[in-house]
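Asker: When we follow my numbering, the leftmost residue of the sequence shown carries the number 679, and every step to the right adds one.
Positions of the beta carbon are idealized from the N, C-alpha and C atoms, including for glycine.
Sharing a structure, written as structure tokens. Questions coming.
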Amino acid sequence: MGVGHVALDYYLNQESPFRSFPVCALLDPRPAGDRWIPVSAASATALSTGVNISSDNGKSENQKHYPTLFDYAKQEKKSTGVIATSSLTYPIPAAFITSVEHWGREHDIAYRIFNSDTDVLLGGGSRFFKMNTVTNTNLIPLMQDRGYTYISQQSQLDVLNPEKTEKILGLFADEALRKANYRSLSLTLMMEKAVAVLEKNKNGFVLVVDGSQIDWRAHERDDDGLLTELHDFSEAINWAVNYQKKNPETLIVMSGTNETGGIFLIRDDSEPSQVSIKYNTSLHTANLCPIFAKGPGEDRIGGIMSIADLGKELIDFIRE
């Protein structure tokens, strides 16, 4: 998500949450070494561990595994959760839960998620749990034995009672969720239920919410799809901002991990009062990404930050 993506929501959405943040900075998404263009696994690893790497597989050059944001959260006895519109085994959600050796090994990542003790898991990827090739078994009943409430339909999430729920495993698709244009399950609903479960921990919680398919629609140059994914994401951020107002000890940090499409906005000649979306590419770019922050510690976000430095700040917030 780059500046162009934010500009789209800011200009076209009168309730854009990006109007509500007191702090705005820029993210340098480049991986380590002499490469300029970020890849998902490297970006996810840098943000989740505070260590910048150059490899595509999410491991450092010396093959060392670094503790993740959730590892530090667990040390502080905080609850943890992930929400994604991709499969939970995709690099960005998975990297916060476990060390991701290779983003293509999704059965292995599902097994690592199974062993992670993450409290709330909401997204896609059921096939990697139901027929896990690492264990040759269905991981879902095993997770239920560990105290997870398993759901696979929005109707089940609608009626889920957080007071009677300690852990959630919600897998709503074999792989990624449907495009926002075609799904009724919103990030906002998932966030609302996740927070209601996580906030019961008096030590606090860490929740990662990934609007995964904003990136995908930009890869596809799908204007309508991009706007719909952005709307779904911005509504979820609005919910989070309202929650933070009622719970001022909460810190919200919103950041992209890379920009896709080289998006810029120009006048729409067919409708002068509107803008037209233009793409320079269908790939990732080295463009800077926006960071927004609101809450305790927001003053430590500013200027142009490397993605690893932002990751270090997030870890420091948790450990303090």
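Between Ile915, Val884, Gly882, Thr938, which lies nearest to aspartate 901 when the distance is taken from Cα to Cα?
Answerer: Selected option, being the one with the closest Cα: Thr938.
Asker: For arginine 945, list the residues DSSP reports as bridge partners.
Answerer: Note: arginine 945 sits in a beta bridge opposite Val953.
Asker: Kindly indicate which three-state DSSP category glycine 802 falls into: helix, strand or coil?
Answerer: In this structure, glycine 802 counts as strand in the three-state DSSP scheme.
Asker: Could you pull the start and end residues of the beta strand (DSSP E) that leucine 847 belongs to?
Answerer: Leucine 847 -> beta strand (DSSP E) spans 845-849.
Asker: Between alanine 874 and the rest of its own chain, which residues show a CB-CB distance below 7 angstroms, the 5 nearest in sequence each way excluded?
Answerer: Correct list, in chain order: Pro840.
Asker: What residues are listed by DSSP as bridge partners for histidine 962?
Answerer: Histidine 962 pairs with Thr938.
Asker: Can you tell me whether isoleucine 993 is buried or exposed, with buried defined as 16 or more other CB within 10 angstroms of its CB?
Answerer: Buried is the call here.
Asker: Can you grab the Cα-Cα spacing for the pair leucine 929 / serine 948, in whole Å?
Answerer: Taking the straight line joining both Cα atoms gives about 43 angstroms.
Asker: Along the chain, where does the beta strand (DSSP E) containing methionine 983 start, and where does it finish?
Answerer: Segment 982-984, the beta strand (DSSP E) holding methionine 983.
Asker: Identify the residues that DSSP records as bridge partners of tyrosine 1000: which are they?
Answerer: For residue 1000 there is no data in the structure shown, the boundaries of the chain being 679 and 998.
Asker: Among residues of its own chain, excluding the 5 on either side of glycine 680, which ones have a beta-carbon nearer than 7 angstroms to its beta-carbon?
Answerer: Cβ neighbours of glycine 680 beyond the five flanking positions: Gly934, Glu937, Ile941, Asn965, Cys967.
Asker: Below 8 angstroms, can you find three or more Cβ-Cβ pairs linking the stretch 796-815 to the stretch 852-868?
Answerer: Output reads yes: the stretch 852-868 touches the stretch 796-815.
Asker: In terms of residues, what are the limits of the beta strand (DSSP E) holding serine 933?
Answerer: That run of the beta strand (DSSP E) goes 930-933.
Asker: Write down every uninterrupted run of the beta strand (DSSP E) in the stretch 878-923 whose length is 3 residues or greater and which is fully enclosed by it, in chain order.
Answerer: With a minimum length of 3 residues, the continuous beta strand (DSSP E) runs that stay inside the stretch 878-923 are 883-888.
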